[in-house]
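One gets our numbering by counting positions in the sequence shown from 1 and adding 14 to each. Idealized CB from N, CA, C, for every residue including glycine. Below is one structure, written out as structure tokens; comments come after it.
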Amino acid sequence: MNMRTRHTLFLLVSLLFLTGAETWAQEANYDEEKVGSYVLPDALTAQDGQKVTTKRQWERKRRPELLRLFRDNVYGVMPDSKVGTSYRVVEEADDALGGKAVRRQVEITFSAGTQTRKMLVLLYLPKGARKCPVFVSPNFQGNATTTTDPAVIASQYSTFERGHQVSRWSYDRIVSSGYGVCTFHYFDVYPDKDGMLGESICPLLGISSEADLQAGSGKAIAAWAWGCSRVLDYLLTLKEIDRKRAILVGHSRLGKTALWCGALDRRFAMVVSNNSGCSGAALSRRNYGETVSRICSTFPWWFCNQYRSYAEAVSALPVDQHELIALIAPRPVYVASAQDDRWADPKGEFLSLQAAGCVYALYGQETLQGCAFPSVNEHLWRGNCGYHIRTGVHDVTDYDWQAYIEFADTRLRR
Ligand code: GTR
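What follows is the structure, given as structure tokens:
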């Protein structure tokens with residue numbers, strides 16, 4: 015095939031793809047009138063019908079039950095198998111971010127038998143930090159895309175140029191506010207493409223192919239969540255970090271990941287979902303924007319296999335996403351939406367956080383129950399539940415980081 019034919023073919027394929035994407039977008043419902051009615055599962059009614067009225071009943075019975083239901087029907091988990099872990103500081107300097115920060119880059123090596131896998135962690139700490147709070151947030155395109163800092167090493171699977179997503183990372187503001195911040199490329203754990211199970215961390219944990227998956231086995235989201243917990247293991251070895259103030263932040267698919275990881279790993283003292291949308295913060299039963307049906311057909315490798323069985327029967331799901339947020343209670347949780355990110359259903363994200371309130375109330379906290387949907391760029395914070403919808407598109411901005419810092423400042427006291 016000559017160059018010209020190739021080029022024409024490429025244009026044709028792109029056109030087909032774009033028309034396809036448009037059809038999907040047209041099919042998505044953006045009309046509030048057409049959302050239809052739905053009944054959410056009650057976070058405070060156990061499967062055997064028992065009503066949960068105390069935090070003890072929640073913690074002893076309903077919480078573990080919901081964790082199992084999310085594991086078996088939505089995300090799955092990584093097997094418990096032991097992997098060897100070693101840390102190697104590959105680069106360190108104390109003059110980063112204009113002299114404000116210590117930069118440390120650490121290679122984590124996981125091993126099982128003869129297999130190994132490496133993860134590269136980038137950490138900025140306020141200079142002289144002792145027991146500082148820390149944000150943990152995986153990135154989409156590789157560590158070097160989060161900054162223009164020339165010393166940051168490119169992540170192994172990244173093909174993007176340095177600084178490509180710099181606008182999403184308010185490192186200066188974070189460090190100036192007294193917080194550490196730590197990131198890693200999510201591909202280091204599980205490359206975000208179909209058919210990558212065998213090329214992910216999973217083989218080290220005993221899952222090399224689809225045939226090894228069992229009920230409750232997770233794939234990409236579960237693996238990314240596992241990765242966030244392993245980074246936290248490392249951070250907890252550092253004297254500069256306050257082990258009681260680690261905050262997990264994730265955007266979009268990594269916001270879904272943050273919520274699931276925060277539910278599983280209670281060492282994260284606060285969890286932030288930035289524009290996580292369908293199968294993240296947004297209620298699945300609301301037919302608005304992206305749906306379970308759509309997400310299961312586009313991204314089947316994100317979820318446990320059982321999730322697909324609800325694609326055309328969302329009302330049969332034994333859970334909805336407000337219960338995922340409730341699994342974070344009583345810890346601070348922040349859900350952020352963006353006005354033009356209709357695909358993620360901002361209202362569904364808000365309603366979900368609001369509905370999680372009944373569990374926060376068991377802990378005697380104020381909640382968003384009864385609050386009206388806020389105006390854009392207004393902070394709606396009650397007790398440990400924080401929400402905003404900012405102007406703009408699906409993204410992470412300095413506005414968002416500023417809110418997360420302020421929320422953490424007021425909720426996570428030393
Ligand atoms: C979209 C997907 C969303 C969201 C987003 C992202 O294509 O439909 O669920 O996760 O990707 O991660 O940016």
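Ordered along the chain, which non-local residues of its own chain (more than five positions away) have a Cβ less than 6 angstroms from that of R182? Taking the first residue of the sequence shown as position 1, residue 182 is located at position 168. Excluding sequence neighbours, R182 sits near V410.
Check V104 in the structure and name its three-state DSSP category. Here residue 104 refers to the residue found at position 90 of the sequence shown. Here V104 sits in strand by DSSP.
Could you pull the start and end residues of the alpha helix (DSSP H) that G232 belongs to? Residue numbering aside, residue 232 sits at position 218 when the sequence shown is read from its first letter. Premise fails: G232 is in no alpha helix (DSSP H) and is neither H nor E.
If Y52 sits next to R299, beta carbons under 8 angstroms apart, how far is it from one beta carbon to the other, in whole angstroms? Taking the first residue of the sequence shown as 1, we reach residue 52 at position 38. Taking the first residue of the sequence shown as 1, we reach residue 299 at position 285. Y52 to R299, Cβ: 4 angstroms. Contact.
Cα-Cα separation between N319 and I342, rounded to whole angstroms: Counting from 1 along the sequence shown, the entry for residue 319 is found at position 305. Counting from 1 along the sequence shown, the entry for residue 342 is found at position 328. Approximately 24 angstroms, taken between the alpha carbons.
Enumerated in chain order, which unbroken segments of the beta strand (DSSP E) with a length of 3 residues or greater are wholly contained in the region 46-110? 98-110
Keeping to the same chain, check which residues put their C-beta closer than 6 angstroms to that of F201; ignore five residues upstream and five downstream. Reading the sequence shown from its first residue, position 187 is the one you call residue 201. Excluding sequence neighbours, F201 sits near Y171.
Considering only C-alpha positions, which residue in the set R117, Q179, G142 is nearest to D412? Residue 412 sits at position 398 when you count from the first residue of the sequence shown. Comparing Cα-Cα distances from D412 to each of R117, Q179, G142, the minimum goes to Q179.
D86 versus L80: straight-line alpha-carbon distance, rounded: For this step, residue 86 is matched to residue 72 along the sequence shown. For this step, residue 80 is matched to residue 66 along the sequence shown. Going by the C-alpha atoms only, they are around 10 angstroms apart.
Closer than 7 angstroms: is that where the CB of T197 sits relative to any heavy atom of the ligand GTR? Taking the first residue of the sequence shown as position 1, residue 197 is located at position 183. Because no heavy atom of the ligand GTR lies under 7 angstroms away, the Cβ of T197 does not count as near it: no.
Quick one: residues in its chain with C-beta nearer than 8 angstroms to the C-beta of A35, no 5 flanking neighbours on either side, listed in chain order? Counted from its first residue, the sequence shown places residue 35 at position 21. A caution first: A35 carries a pLDDT of 45, below 50, which makes its placement in the model unreliable, though a value can still be read off. No residues qualify anywhere along the chain.
At the level of alpha carbons, what is the spacing between E224 and M210? Locating residue 224 in the sequence shown gives position 210, counting from the first residue. Locating residue 210 in the sequence shown gives position 196, counting from the first residue. Approximately 10 angstroms between the Cα atoms of the pair.
Residue range of the alpha helix (DSSP H) that includes P360: The count along the sequence shown starts at 1 and reaches residue 360 at position 346. Element bounds for P360: 360-376.
Expressed to the nearest angstrom, what Euclidean distance is found between the alpha-carbon atoms of V347 and F313? Locating residue 347 in the sequence shown gives position 333, counting from the first residue. Locating residue 313 in the sequence shown gives position 299, counting from the first residue. If you take the alpha carbons of V347 and F313, they lie about 26 angstroms apart.
Reduced DSSP category for E175 - H, G, I as helix; E, B as strand; rest coil: Position 161 of the sequence shown, counted from the first residue, corresponds to residue 175. Three-state result, E175: coil.
Where T130 falls: helix, strand or coil (DSSP): The sequence position of residue 130 within the sequence shown is 116, counting from 1. The answer is strand: DSSP assigns T130 an E or B state.
Can you pull every residue whose C-beta falls closer than 6 angstroms to some heavy atom of the ligand ATP, listed in chain order? In terms of ligand content, the structure shown lacks the ligand ATP and carries the ligand GTR instead.
Would you tell me roughly how many angstroms separate the C-alpha atoms of Y89 and G294, rounded to the nearest one? For the purposes of this step, residue 89 is identified with residue 75 of the sequence shown, where counting begins at 1. For the purposes of this step, residue 294 is identified with residue 280 of the sequence shown, where counting begins at 1. Looking at the two C-alpha atoms, the distance is approximately 11 angstroms.
Count the CB pairs spanning the region 253-261 and the region 271-287 that are closer than 8 angstroms, and state whether there are at least three. yes
Which of the three DSSP states is assigned to R144 in this structure? Residue 144 sits at position 130 when you count from the first residue of the sequence shown. Three-state result, R144: coil.
Taking contact to mean 3 or more Cβ pairs, one atom from each stretch, closer than 8 angstroms, check whether the region 61-78 and the region 97-107 are in contact. no
Own chain residues within Cβ distance below 6 angstroms of G177, not counting five before or after: Walking along the sequence shown from the start, residue 177 turns up at place 163. For G177, where only same-chain residues beyond five positions count, the Cβ hits under 6 angstroms are T162.
Between the CA atoms of H265 and F198 - distance to the nearest angstrom: Start at 1 with the first residue of the sequence shown, and residue 198 comes out as number 184. Start at 1 with the first residue of the sequence shown, and residue 265 comes out as number 251. When rounded, the distance between both Cα atoms is 13 angstroms.
Y401 - DSSP class collapsed to helix/strand/coil: By 1-based counting over the sequence shown, the position of residue 401 is 387. It is a strand residue.
Roughly how many angstroms separate the alpha carbons of I167 and P55, rounded to a whole number? If you number the sequence shown from 1, residue 167 lands on position 153. If you number the sequence shown from 1, residue 55 lands on position 41. Rounded to the nearest angstrom, the two C-alpha atoms are 46 angstroms apart.
Which residues mark the beginning and the end of the alpha helix (DSSP H) in which W415 is found? If you number the sequence shown from 1, residue 415 lands on position 401. Unbroken alpha helix (DSSP H) run through W415: 412-425.
Out of curiosity, what's the CA-to-CA distance linking T251 and R244? Stepping through the sequence shown from its first residue, residue 251 is reached at position 237. Stepping through the sequence shown from its first residue, residue 244 is reached at position 230. Their Cα atoms are separated by approximately 11 angstroms.
Going by other Cβ atoms of all chains shown within 10 Å of its Cβ, with 16 needed for buried, is Q353 buried or exposed? Counting from one through the sequence shown, the residue named residue 353 turns up at place 339. It is exposed - the Cβ of Q353 has fewer than 16 other Cβ atoms within 10 Å.
Please report how far the alpha carbon of P147 lies from the alpha carbon of A327, in whole angstroms. Counting from 1 along the sequence shown, the entry for residue 147 is found at position 133. Counting from 1 along the sequence shown, the entry for residue 327 is found at position 313. Approximately 42 angstroms, taken between the alpha carbons.
Inter-residue Cα distance where the pair is Q368 and S389: What you label residue 368 is simply residue 354 of the sequence shown in a count that begins at 1. What you label residue 389 is simply residue 375 of the sequence shown in a count that begins at 1. Roughly 16 angstroms separates the two Cα atoms.
Excluding the 5 residues flanking Q129 on each side, which residues of the same chain have their C-beta closer than 8 angstroms to its C-beta? Your numbering for residue 129 matches position 115 in the sequence shown. Cβ neighbours of Q129 beyond the five flanking positions: P217, L218.
Taking 7 angstroms as the limit between beta carbons, can you name the residues of its chain near Y185, skipping five residues before and five after? The count along the sequence shown starts at 1 and reaches residue 185 at position 171. Cβ neighbours of Y185 beyond the five flanking positions: L111, Y138, T161, V195.
Do K141 and K114 have their beta-carbon atoms positioned less than 8 angstroms apart in this structure? Position 100 of the sequence shown, counting from 1, holds the residue named residue 114. Position 127 of the sequence shown, counting from 1, holds the residue named residue 141. Yes, these two residues count as a Cβ contact at 8 angstroms.
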